[in-house]
Amino acid sequence: MSEFSNESVVAIENTLNNVDRALERLRGGTYRTCQACGTEIDQAELLKNPLLANCPAHPELS
Numbered sequence: 012m013s014e015f016s017n018e019s020v021v022a023i024e025n026t027l028n029n030v031d032r033a034l035e036r037l038r039g040g041t042y043r044t045c046q047a048c049g050t051e052i053d054q055a056e057l058l059k060n061p062l063l064a065n066c067p068a069h070p071e072l073s
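In the working numbering, the protein residues as written are 12 to 73.
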């Protein structure tokens with residue numbers, strides 16, 4: 012059994028948390044809505060990164 016670094020575990024946990032949040036937004040009907048300003052996130056942006064929670068104007072919050 013190989014050992015994983017704490018950084019790897021944290022990265023995996025962050026990704027899983029982002030997936031959970033995206034699924035919640037999908038179920039709640041706010042998946043394509045920027046969480047910062049409420050504008051619609053472009054579908055092309057979501058195709059690049061389906062876990063986006065914010066529009067390109069708020070990259071620091073994604």
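C-beta: ideal position from N, C-alpha, C; glycine also.
Note that the structure is a prediction, hence the values are computed from the model and not measured.
Have a look at residue i and residue j and give me their C-alpha separation to the nearest angstrom.
i   : j   : result
G39 : A33 : 10 Å
T26 : A47 : 20 Å
Y42 : N29 : 12 Å
L37 : A68 : 21 Å
How is the alpha helix (DSSP H) around residue i delimited, first residue to last?
i   : result
E71 : E71 -> no alpha helix (DSSP H), and no H or E assigned at all.
Q54 : 54–59
E35 : 17–39
Cutting at 6 Å between CB atoms, please list the residues of its own chain near residue i, excluding the five before and the five after it.
i   : result
T50 : C66
E71 : none
Label residue i either buried or exposed according to how many other C-beta atoms from any shown protein chain fall within 10 Å of its C-beta, with 16 as the threshold for buried.
i   : result
M12 : Below a pLDDT of 50, predicted positions are generally treated as unreliable, and M12, at 48, falls in that range; the measurement from the model is reported next regardless. The residue in question, M12, is exposed, as its Cβ has fewer than 16 Cβ neighbours within 10 Å.
I23 : exposed
L58 : exposed
Apart from the five residues just before and just after residue i, which ones in its own chain have a Cβ nearer than 7 Å to its Cβ?
i   : result
L63 : I52, E56, L57, S73
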